[in-house]
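Visitor:
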Amino acid sequence: MQATTMAATGSMARRQAWTGATLLAFLLLVAVKAQSGGFDSFEIQTMVTSTLALGYLTLAQGVIVIGGGIDLSVGAQMVLFNCLSARLMEGRSFGTCLLIAAGATLAGALLGALTGLVIARSGVPDIIVTLATGFVWSGLALFVLPTPGGGTALEFQTLVLGSGTEFWPPLVGLAVPGLIIWYVLRRTSAGLGIYALGSDRQAAFLAGVPALRAQVTAYAIGGLLCALGGLAATAFTGGGDPRATAGMTATLTSVAAVVLGGIALTGGVGGLLGPVVAVWSLYLIPAIMLARGVDPAYGEAVKGVVIVLVVLIGGLLRRNGRKT
Amino acid sequence: MGETREALRTRAVAKRYGPVVALRSVDLSVRPGEIHALLGANGAGKSTLVKILTGVLAPDSGEIEVGGRPVAFRSPADARRHGVTPVFQDPALLPDLTVAENLRLTGTGAADVLERLREMDLTPPDFRTPAGELPLPLLRMLDLARALAHRPALLVLDEITAALPSDYAERVFAVMRRTREAGGSVLFITHRLLEVQEVCDRATVLRDGRDVDTHVVAEGGEDRIVAAMLGDKAVGAVPAAGSTAARPTGEKLLEVTDLGDGGRLKDVSFALHAGEVLGVVALEGQGQDELFELLAGDRRAASGEVAVRGRRLAGRHPREAVRHGVALVPSDRQEALLPMRSVRENLALPLSGRRWGPIRLNEERRKVGAVIERLEIDTRAQDEVRRLSGGNQQKVAIGRWLVGGFDVLLCFDLTRGIDVGTKHQIYALLRSIAEDGRGVLMFTSELREVPMVCDRALVMYGGRVAGELPAAEADEGMLLNAAHGLTRAEEVG
Amino acid sequence: GGGDTTTPGGAATGQGQQQSSFVIGVSNTLVGNGWREEMICSVKAESLASGKVSKVIVANRNGGPTEQIADLRQLISQGVNAIIVNPSDPDKLNPVIKQAKDRGIVVVAVDQAVSAPEALVVANDQVAYGRLGGEWLAKTLEGKGNVVEMRGIAGAPADNDRHKGFTEALSKYPDIKIVKEVFTGWDYSKGGQQALDLLNSSTAVDGIWTSGIDYTVVNAFKTLGKPYAPVVGADNNEFINQIKSVDGFTGAAVTNPAAIGGVGTAVALDALSGEQVPRETFLTPEVWDLATSKDKLDANYFPDREATFSARVTVEPHTSYTPEQLFACKGPGE
Amino acid sequence: MTAVRARDWPKVDRSLLVLVGVLAALVLANGVIDQGFLSAAQLRNTLLVTVPLALIAGGQTLCMLTGGIDLSVAMTATAAAYVTGVRAADGTALAILEGLAVGLVIGLVNGVAIAVFRVNALIMTLGMSAILTGLLTVGSQTFLKGATRMPEFVRELGGGTIVGPIPWNLLVWLLLGGLLIFGLRRTGLGRLIYAIGGNRRAARLAGVRVASVEVAVYVACALLAAVAGILIGGRGGSVDLQLAGSYLLPSVAAAVIGGTSILGGSGGYTGTILGALILSVLDTMLNVLNVDEAVKQVLYGTIVLVLAWVYIRTSRARTGDR
Ligand SMILES: Nc1ncnc2c1ncn2[C@@H]1O[C@H](COP(=O)(O)OP(=O)(O)OP(=O)(O)O)[C@@H](O)[C@H]1O
Ligand SMILES: Nc1ncnc2c1ncn2[C@@H]1O[C@H](COP(=O)(O)OP(=O)(O)OP(=O)(O)O)[C@@H](O)[C@H]1O
Ligand SMILES: [Mg+2]
Ligand SMILES: [Mg+2]
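Chains as they are written, first to last, in my numbering: chain A, 174 to 497; chain B, -4 to 488; chain C, 160 to 493; chain D, 6 to 327.
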């Protein structure tokens, strides 16, 4: 009995180890940044606000990957909701903007649910469905807003981003949905179903998990978060931008952050804190290189190397952990 | 007939997978308070029937009644609500979730499960452990406990004892008997006919997707079952297991000296000689898994050494073992098969592994064809091995090495989940391998096999070889004692 | 907001500095694009040639306004005296530009304009780019025929401006029809492939206007073995070579110099030195074809440079560096 | 229970026939939209643009069959072509060899990291892509400075015609594509690629040196991408840093439309070829149709989705799964 308790504690520790390592790496980066270029509230605000949209996308990707899927359209969804909200919010009052934001969030959830439904019903792999829907959403974004433009109310921007060098509002804006979704994932049967689905689809079905519902739920949560990402982009830039390239970059970054944050791409494993911290770390790497005066062209290469190394070392640690 | 309301009744249930007919027409009835055996050769359709009864699959045609009322389950959860609770052939606990989460998933009370485990005289694991980290037999028992916690009217057990050591199997029987006493029914699938004699009231035999015989076990007997299962095909006679000589005479093929893995396995020494089938018996977790992994090159030794025909194995990669002629047939088919590939590719894998260049098609066709014929592999679903029945999958796993060639065959619980007919085929196969001058090291959880197939037997306990005895002298009682550590090596001699 | 914290080495000391001590920041959001890399080199070259700059800090990564705002804020934190920014959006950077201005930093938007009144703008006149090319094409076709418009990235401001200028020019020629309009995404190989598709279709094509994806389009004629039609492109090195040396091909290069970065730097340094500079400096593109500007074509072809090298390497009278300094791509202290 | 004889070749896959049908339908639709499409010139054009995609997608197929993926193919193609272009002065043969060597090195690094150090393939190749972007950007200003014009031979190979509708690059493809098909079906290595994707552990226990096979796969993939990059560069005449960027997503899409499982273990190159042809014809159709960019993207996405769905439907009908 004693032994099994110890084994269990060990395995718990291992499960949290990745999140811990991510946190540690992040703190290290913060220290280096503070040393080489300062890390005052202005910097923190820059970090939190400019990664807010990406943070939401990463949470979205995280939930979907935990559920055994992958979504290559998160960036395109963000672009779509960015354009949609910027177009609708232009010249409107704060109140109307809030209503539009609520509507967009709902629409995002519906869009996500639809994606999930298509995947579950068609049997076409996630990666190809979302590759295709990514094109569709980018096309729709161009349709909604053919050129960069649109706008939003100043109060809406302040609400999301804070004023002055405040950085609490965006932090809270990320943490609240993050915590709610974390609660849903970890403490409700719907969330458990998502983990089960990602862990082993067949076994989940045998255990009586309603696979369709779990999949649709995961994608609906993802869609909702992508809409939040779009709204954050609108608030941050004060308008919309239909160009698809930004969306694709964001998608790939979200996948990288999810893996760096300890979610297994095979599904069923991982939490939400790690990926968010990973997004911030990915932000800090170029910032530090800028401060250190590294040629930015090398910067891109260094970033690639760092990502690979982190996953490599993490993988080695994980493997060693499993052996003992 | 029909005076009492049946717990379960099927009429003309049929199911096909594309061109493969799994069930033609099955009529089955299970009475309340009865333990009913469902028997049949590999691929007869037992698992398919279980899946239909528990809502995993929908039948193509036919009717199902539970407690007298017609049902059409949409999902396993639906079946569970109607009192039909399965324990499937493959583990159904989610590996990444903790035990507690797994229980929450099916709405099972953790306290209830703890209670069931205690009833079965098992030490419950920490429920915060991810299921994937628990040993397989314990997982199966958890699966069972979870099913019991739902207080099923009909408990469906698909080959649950196949992966269990005999002491665990005993506990399952106790559970089945208690269920019967409480008025519930059990549908029990097994390939071990002794178990049928031991616990079952009635038995239904399937052959080629039909029910061919239902009888009261006490009135039947093993012969009747076997005859029904196999139809016209007779069980091949097993050539008598080797010499009665206690000491083998052939060349030393495999020599193991003071082998340890730094963990459970300690100072194991023995030798396997040409022309010999050497049995290994042990209770669950006595180091036999580690021993086989080490010998197969899948795990590195911490101490001691392994030599094949006098050449030392470094044990860096299974390839090295294969090159030296040591081949492993793992117990878990998930570790042996390429589920999406054809029977042919699965069988020819060792050949492909040897040469990256063009395949010698004629040679391959000849070798593969011969093995398919020799093992009588049912190739109706040959394009994808995952569609074969469990037993046929096992044959593919062994057949691979007949194609590839070897000197020493390591068999880990080879006959788990295999029907009587096939078992006898395999026994004969192992004997003929030995007669060719090669060697077999086999671990078995079915002690009855030892005197039937082996020349000698090693008993493992606590990571060491606790004893060695000539198979001819080994009866189950003796082996069990040894395996429990009651007998020291010196006493056996 | 955000102007209340002072950063070390910030603009507080900026205005009255002596020679060779300005720090210049550069922000660009398209990596691996030859034109943009050359633009950054021209900033470095001009900084070096001016002798007034001690360091050039470059923020360069793929992204949109979101990434660029973050980069600009990073540069502000680094205490630069001036920022040369190739804006990813005309409006979205305004708040951060204002923050920079509040700290006394000179911001120059190069290549494309921004609407913030605090920023200086040094840009190629993109509407004129479209118009001049369109006029050349129409004249070459003698006022009639089918033309194809090969645009850049859908939604990009420069693309819209050029489209505007181009259609404006052609509206004066009723007999010229725009039969196809495609977006190349400013991707040379994709543009070449699209040209293959279009030239193969049954629509007759008499001329092609491109938003700078030019030499692969010219190559498509050769690949298909079709007679060349006139093509308008930009001052890309290889395209200039084609105009000069491909038999039977007529084309015009409309300049869109990457040296705009150097121009922006010169303007920024003037402003830092306290000179009065106009808020907007627009470079009007030049049209080079073999008939009228053979000398320019000859002088601005660099056989040893890559195909996409923007051939107009200096912009007189603004830039002061030598072509060699640009080619070296080294800033002060590197 | 009669033992059926093991067959040499798998049954002709019905889902492949469906792909052929879809391709035919697309070609006909194109013909209706534009008469010019049903001509020898257009056939040649289709082949010309499909070949590089089919080569890159071939490499992608190999990676996907082992359960991996290579997101660095586009940058690999670009890097190889760039090096070939810059080194044209060294002589054609040497320039091409140098370009291929770039592919070899990239493949080795990817392969070793993924197979030996077990870095997640997606992350590794994404990282490699970033690394290559950085190195090429710096290189174009420093160690890879120079004219990026392709040697004449490469131009001919990438865009020239042998006779009638047959471009030179088809020859390259027939050679490499044939090798791929043969290699996957009829060689030990091919079998092992499927084996690894199907069940890594089982392959290992059966004595397969999984890591070497994986390294071979990533090297082959990078080499194929390098060849494709050189052909693309040859077709355009000169090379730039974004040369093959637009080939990344289509390379994955072609493989998946062609029935290769993203999880590994099943699929093949024949399907990928059809997938690549379908995508190119679709692309041509959208180029020729004078529709808005927005509509174009929506159409493209929808068609890819429908194709994948049709494929899955037909392959399921064959096996009778639910
Ligand atoms: N997006 C977020 N923003 C802020 N805090 C978060 C976010 N996501 C999670 N957290 C916090 O971080 C902690 C760890 O989160 P994580 O999801 O890694 O836990 P977990 O492994 O799922 O937890 P458990 O093992 O208890 O089920 C949580 O307790 C939660 O309070
Ligand atoms: N998903 C599937 N697709 C195609 N054929 C299948 C599938 N599942 C089972 N079969 C076929 O149906 C037949 C019956 O299989 P089933 O698994 O029911 O046998 P079984 O009696 O449980 O055998 P075993 O004792 O070996 O477990 C076999 O011929 C098998 O190959
Ligand atoms: Mg966690
Ligand atoms: Mg079965």
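C-beta: ideal position from N, C-alpha, C; glycine also. All figures in this text were calculated on a predicted structure; none of them were measured in a lab.
Kindly identify the DSSP beta-bridge partner or partners of LYS260/C.
Guide: Mapped onto the third sequence, residue 260/C falls at position 101. Answer by DSSP bridge pairing: none, since LYS260/C is not bridged.
Visitor: Can you say whether GLY237/B is buried or exposed, counting buried as having 16 or more other CB atoms within 10 angstroms of its CB?
Guide: Along the second sequence, read from residue 1 onward, the residue named residue 237/B stands at position 242. Low confidence applies here, because GLY237/B scores a pLDDT of 48, under 50, leaving its location unreliable; read the following figure in that light. GLY237/B should be labelled buried.
Visitor: Name, please, each residue of chain A whose Cβ falls closer than 7 Å to the Cβ of THR225/C.
Guide: Position 66 of the third sequence, counted from the first residue, corresponds to residue 225/C. Chain A residues near THR225/C: SER223, ALA226, ALA406, PHE409 and THR410.
Visitor: Look at the alpha carbon of ILE335/C and the alpha carbon of ASN319/C, and state the distance between them as a whole number of angstroms.
Guide: Within the third sequence, residue 335/C is the residue found at index 176, counting from 1. Within the third sequence, residue 319/C is the residue found at index 160, counting from 1. Roughly 20 Å between the two C-alpha positions.
Visitor: Is SER238/B helix, strand or coil by DSSP?
Guide: If you number the second sequence from 1, residue 238/B lands on position 243. For SER238/B, the predicted structure reports a pLDDT of 44, less than 50, and the residue's modelled location is therefore unreliable. A value from the coordinates is still provided. It is coil, neither helix nor strand.
Visitor: Using only the heavy atoms of ligand 2, determine whether one of them is closer than 6 Å to the beta carbon of ALA157/B.
Guide: Translated into the one-based positions of the second sequence, residue 157/B becomes position 162. ALA157/B: no, Cβ never under 6 Å from ligand 2.
Visitor: For the alpha helix (DSSP H) that contains PRO383/A, what are its first and last residues?
Guide: Here the question's residue 383/A lines up with position 210 in the first sequence. Careful: PRO383/A lies outside any alpha helix (DSSP H) and carries neither H nor E.
Visitor: Rounded to the nearest angstrom, what separates GLY274/B and GLN84/B at their Cα positions?
Guide: As a working note, residue 274/B is residue 279 in the second sequence. As a working note, residue 84/B is residue 89 in the second sequence. When rounded, the distance between both Cα atoms is 26 Å.
Visitor: Does the Cβ of ARG232/C have 16 or more other Cβ atoms within 10 Å, making it buried, or fewer, making it exposed?
Guide: By one-based count along the third sequence, residue 232/C stands at place 73. With 16 or more other Cβ atoms within 10 Å, it is buried.
Visitor: Hey, is ARG311/B's beta-carbon within less than 7 Å of any beta-carbon in chain A?
Guide: Residue mapping note: residue 311/B aligns to position 316 of the second sequence, counting from 1. By this cut-off, ARG311/B is not an interface position.
Visitor: Verify the CB distance criterion: does ALA369/A have a CB-CB separation below 7 Å to chain G?
Guide: In summary, chain G is missing from the structure at hand, where the protein chains are A, B, C and D.
Visitor: At the level of alpha carbons, what is the spacing between GLY57/B and ILE47/B?
Guide: Within the second sequence, residue 57/B is the residue found at index 62, counting from 1. Within the second sequence, residue 47/B is the residue found at index 52, counting from 1. Taking the straight line from one Cα to the other gives about 11 Å.
Visitor: My output table needs one value for ALA164/B: the three-state DSSP class, helix, strand or coil.
Guide: If you number the second sequence from 1, residue 164/B lands on position 169. Of the three classes helix, strand and coil, the one that applies to ALA164/B here is helix, per DSSP.
Visitor: Measure from the C-beta of ALA299/D to each C-beta in chain A and report whether the shortest distance is under 7 Å.
Guide: Translated into positions along the fourth sequence, residue 299/D becomes position 294. For ALA299/D, the answer is yes, since a Cβ of chain A falls inside 7 Å of its Cβ.
Visitor: Quick check: the region 421 to 441 of chain A against the region 126 to 146 of chain D, are there 3 or more CB pairs under 8 Å?
Guide: Cβ pair count under 8 Å is three or more, so yes.
Visitor: Compute the distance between the beta-carbons of ALA406/A and ALA190/A, then report whether it is under 7 Å.
Guide: On the first sequence, residue 406/A is found 233 positions in, with the first residue counted as 1. On the first sequence, residue 190/A is found 17 positions in, with the first residue counted as 1. Going by C-beta atoms, ALA406/A is not nearer than 7 Å to ALA190/A.
Visitor: What does a CB cutoff of less than 6 Å around THR299/C pick up in its chain, not counting 5 residues either side in sequence?
Guide: Your numbering for residue 299/C matches position 140 in the third sequence. Around THR299/C: PRO389.
Visitor: At the level of alpha carbons, what is the spacing between GLY420/A and VAL203/A?
Guide: The count along the first sequence starts at 1 and reaches residue 420/A at position 247. The count along the first sequence starts at 1 and reaches residue 203/A at position 30. Cα to Cα, the separation comes out at about 27 Å.
Visitor: Answer yes or no: does any C-beta atom of chain A fall closer than 7 Å to that of ALA313/D?
Guide: Locating residue 313/D in the fourth sequence gives position 308, counting from the first residue. Yes, its Cβ sits closer than 7 Å to a Cβ of chain A.
Visitor: Name the DSSP beta bridge partners of MET198/C, please?
Guide: Position 39 of the third sequence, counted from the first residue, corresponds to residue 198/C. In DSSP, MET198/C forms no bridge with anything.
Visitor: If the cut is a Cβ gap below 7 Å, which residues of chain C does PRO469/A touch?
Guide: In the first sequence, residue 469/A corresponds to position 296, counting from 1. Within chain C, the residues near PRO469/A are VAL217, ALA218, ASN219 and ARG220.
Visitor: Do three or more CB pairs link the region 461 to 476 of chain C to the region 243 to 254 of chain D at distances below 8 Å?
Guide: In short, these stretches touch, since the Cβ pair count reaches three.
Visitor: Within the structure, which residues are defined as neighbours of ligand 2 by a Cβ-heavy atom distance below 5 Å, reported in chain order?
Guide: For ligand 2, the selected residues are TYR12/B, VAL15/B, ALA17/B, ASN37/B, GLY38/B, ALA39/B, GLY40/B, LYS41/B, SER42/B, THR43/B, ALA376/B, ARG382/B, LEU383/B, SER384/B, GLY385/B and GLY386/B.
Visitor: Count the other C-beta atoms from every protein chain shown that fall within 10 angstroms of the C-beta of GLY168/D, then say buried if there are 16 or more, exposed otherwise.
Guide: Translated into the one-based positions of the fourth sequence, residue 168/D becomes position 163. Contrary to the premise, residue 168/D reads as Val rather than Gly in this sequence. Label assigned to VAL168/D: exposed.
Visitor: Hey, VAL220/D and GLY116/D: beta-carbon distance below 7 Å or not?
Guide: Indexing the fourth sequence from 1 puts residue 220/D at position 215. Indexing the fourth sequence from 1 puts residue 116/D at position 111. A contact, by the Cβ cut-off of 7 Å.
Visitor: As a quick exercise: from SER274/C, ALA278/C, SER370/C and PRO491/C, pick the residue whose alpha carbon is nearest that of ILE312/C.
Guide: The sequence position of residue 312/C within the third sequence is 153, counting from 1. Nearest option by C-alpha distance: SER370/C.
Visitor: Taking contact to mean at least 3 C-beta pairs separated by less than 8 Å, is the region 463 to 474 of chain A in contact with the region 139 to 150 of chain D?
Guide: Yes, they touch.
Visitor: Hey, out of VAL108/B, ALA164/B and GLY310/B, whose CA is closest to VAL294/B's CA?
Guide: As a working note, residue 294/B is residue 299 in the second sequence. Note on identity: in this sequence residue 294/B is Arg, with Val being the wrong assignment. Per the Cα distances, GLY310/B.
Visitor: Who are the Cβ neighbours of GLN484/C in its own chain at under 7 Å, not counting the five residues just before and after it?
Guide: Within the third sequence, residue 484/C is the residue found at index 325, counting from 1. Once the five neighbours on either side are set aside, the close Cβ partners of GLN484/C are ALA204, LEU207 and ALA208.
Visitor: Return the CA-CA distance between THR217/C and LYS489/C, expressed in angstroms with no decimal places.
Guide: By 1-based counting over the third sequence, the position of residue 217/C is 58. By 1-based counting over the third sequence, the position of residue 489/C is 330. The sequence given here has Val at residue 217/C, not Thr. Straight-line Cα distance between these residues: approximately 12 Å.
Visitor: According to DSSP, is CYS406/B part of a helix, a strand, or is it coil?
Guide: For the purposes of this step, residue 406/B is taken as the residue at position 411 of the second sequence. Note: CYS406/B maps to strand in three-state DSSP.
Visitor: If you follow the beta strand (DSSP E) that ASN219/C is in, where does it begin and where does it stop?
Guide: Residue numbering aside, residue 219/C sits at position 60 when the third sequence is read from its first letter. Taken as a continuous stretch (DSSP letters only), the beta strand (DSSP E) holding ASN219/C covers 212 to 219.
Visitor: Along chain B, which residues have their Cβ under 9 Å away from the Cβ of SER209/A?
Guide: Within the first sequence, residue 209/A is the residue found at index 36, counting from 1. In chain order: nothing, as chain B lies at least about 40 Å away.
Visitor: Could you tell me which residues DSSP pairs with MET455/B in its beta bridges?
Guide: To locate residue 455/B, count along the second sequence from 1; it is residue 460. VAL460/B, per the DSSP bridge assignment.
Visitor: Could you please give the first and the last residue of the uninterrupted alpha helix (DSSP H) stretch that includes MET129/D?
Guide: In the fourth sequence, residue 129/D corresponds to position 124, counting from 1. Unbroken alpha helix (DSSP H) run through MET129/D: 126 to 146.
Visitor: Quick one: using the 10 Å Cβ neighbour count with 16 as the cut-off for buried, is ARG294/A buried or exposed?
Guide: Taking the first sequence and counting its residues from 1, the one referred to as residue 294/A is at position 121. By the neighbour-count rule (16 or more Cβ atoms within 10 Å), ARG294/A is not buried but exposed.
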